[in-house]
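Convert by adding 19 to the 1-based position in the sequence shown; the result is the number in my numbering.
Written out below as structure tokens is the structure these notes cover.
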Amino acid sequence: MQINIQEDYDAVCRIAAGRVAKTLYSKPNAVLGLATGSTPLGVYKELIRMHHDEGLDFSQVTTFNLDEYVGLTPNHKQSYSYFMWENLFKHINIPRQNIHIPSGTTDNYEAFCRWYEDCIKQRGGIDLQILGIGTDGHIAFNEPSSSLGSRTRIKTLARQTIEDNARFFDKPEDVPVFAITMGVGTILESRDIMLLASGANKAAAVAAAIEGPVTSMCTASALQLHRETLCILDRQAAGDLKMIEYYEWIQNKRPDAP
Ligand code: F6R
Numbered sequence: 020m021q022i023n024i025q026e027d028y029d030a031v032c033r034i035a036a037g038r039v040a041k042t043l044y045s046k047p048n049a050v051l052g053l054a055t056g057s058t059p060l061g062v063y064k065e066l067i068r069m070h071h072d073e074g075l076d077f078s079q080v081t082t083f084n085l086d087e088y089v090g091l092t093p094n095h096k097q098s099y100s101y102f103m104w105e106n107l108f109k110h111i112n113i114p115r116q117n118i119h120i121p122s123g124t125t126d127n128y129e130a131f132c133r134w135y136e137d138c139i140k141q142r143g144g145i146d147l148q149i150l151g152i153g154t155d156g157h158i159a160f161n162e163p164s165s166s167l168g169s170r171t172r173i174k175t176l177a178r179q180t181i182e183d184n185a186r187f188f189d190k191p192e193d194v195p196v197f198a199i200t201m202g203v204g205t206i207l208e209s210r211d212i213m214l215l216a217s218g219a220n221k222a223a224a225v226a227a228a229i230e231g232p233v234t235s236m237c238t239a240s241a242l243q244l245h246r247e248t249l250c251i252l253d254r255q256a257a258g259d260l261k262m263i264e265y266y267e268w269i270q271n272k273r274p275d276a277p
């Protein structure tokens, strides 16, 4: 894993957006894996700015989102579909047919999950996957004890995740209990991965993911098995890393550090 530590959230987002842009400049028809939640918001803002100010082109890009709440329609304000349209897609020139977000309201989840996996394969696999991390160490909605070989499927959310995400809903009882999510195995097949984290509330999960054992109790730790994962962290999220001096030393030594 490559660890990149930045002073604050804005710097994390600038670096991450720059990495997305670099991918698109070298492969204009790249396949991007996208996350929702608070963490990638600044990245999407920066990508929108780059689209408007620098002509960053999304006309050939394909996207696959990680997850969606079961039971929420795309026009529900807390659905991840709504989030993506409001915070990215409606501001850039990506063709609608290139956007893929798991359905929270399909009649047949098993068939839908198989179709989603096939669709990723048909598009040549994910070139760059953006990930956040839950306070319980989850990536996408792969909660503690998820199989590290798991594929897209329905998952029951952990109590911790429901509590964390209640801030987006009127009442904690409104947070859906189930989600459809890419699996850890699906994510690990991405060619490049960027894990982003900001804030002291992520420090324990980040340390467990980077320096702890590979365990299904912290599904982000499975990224240790991936060849091209870049963790971009602000100083608070990096606060519990034991080897922080070493990572910063490498960061300053490496001429190609982002
Ligand atoms: C969202 C997702 C989740 C979030 C994680 C962190 O699509 O897959 O794993 O990345 O829950 O959420 P925030 O960024 O809101 O702290």
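For each residue, glycine too, the CB sits at the ideal point set by N, CA and C.
1. Determine which residues share a DSSP beta bridge with residue 271 and list them.
2. Compute the minimum distance between the beta carbon of residue 160 and the heavy atoms of the ligand F6R, and state whether it is under 7 angstroms.
3. Output yes or no for whether 8 angstroms exceeds the beta carbon distance between residue 157 and residue 42.
4. Is the distance from the Cβ of residue 83 to the Cβ of residue 52 below 8 angstroms?
5. Jot down the residue ranges of each uninterrupted beta strand (DSSP E) in the segment 66 to 113, minimum 3 residues, whole runs only, in chain order.
6. Could you give the C-beta distance for residue 35 and residue 213, rounded to a whole number, given that I count them as a contact under 8 angstroms?
7. Taking DSSP's pairing of strands, which residues face residue 50 in a bridge?
8. Return helix, strand or coil for residue 120, following the three-state DSSP convention.
9. From this set, 135, 234, 270, which residue's C-alpha is nearest residue 250's C-alpha?
10. Please list, in chain order, all residues of the same chain as residue 20 whose beta carbon is under 7 angstroms from its beta carbon, the five residues on each side excluded.
11. So for residue 261, helix, strand or coil by DSSP?
12. Looking only at its chain, what residues have a beta carbon closer than 6 angstroms to the beta carbon of residue 227, apart from the 5 residues adjacent to it on each side?
Let's see:
1. According to DSSP, which records beta bridges pairwise, residue 271 is partnered with nothing at all.
2. Residue 160 Cβ: within cutoff of the ligand F6R.
3. Taking 8 angstroms as the cut-off, the beta carbon of residue 157 is found no closer than this to the beta carbon of residue 42.
4. The criterion of a C-beta distance shorter than 8 angstroms is satisfied by residue 83 and residue 52.
5. At a cut-off of 3 residues, the continuous stretches assigned as beta strand (DSSP E) that sit fully inside the segment 66 to 113 are 81 to 84, 86 to 88.
6. The pair is a contact, with the Cβ atoms about 6 angstroms apart (cut-off 8 angstroms).
7. For residue 50, which the question treats as bridged, DSSP gives the partners 81.
8. The three-state reading of DSSP puts residue 120 in coil, since its state is none of H, G, I, E or B.
9. When only C-alpha atoms are compared, the closest one is 270.
10. Spatial neighbours of residue 20 in its own chain (CB-CB distance under 7 angstroms, excluding positions within 5 residues in sequence) are listed in chain order as 229, 242, 243, 248, 250.
11. Here residue 261 carries a coil assignment [DSSP, helix/strand/coil].
12. These residues qualify, in order along the chain: 156, 237.
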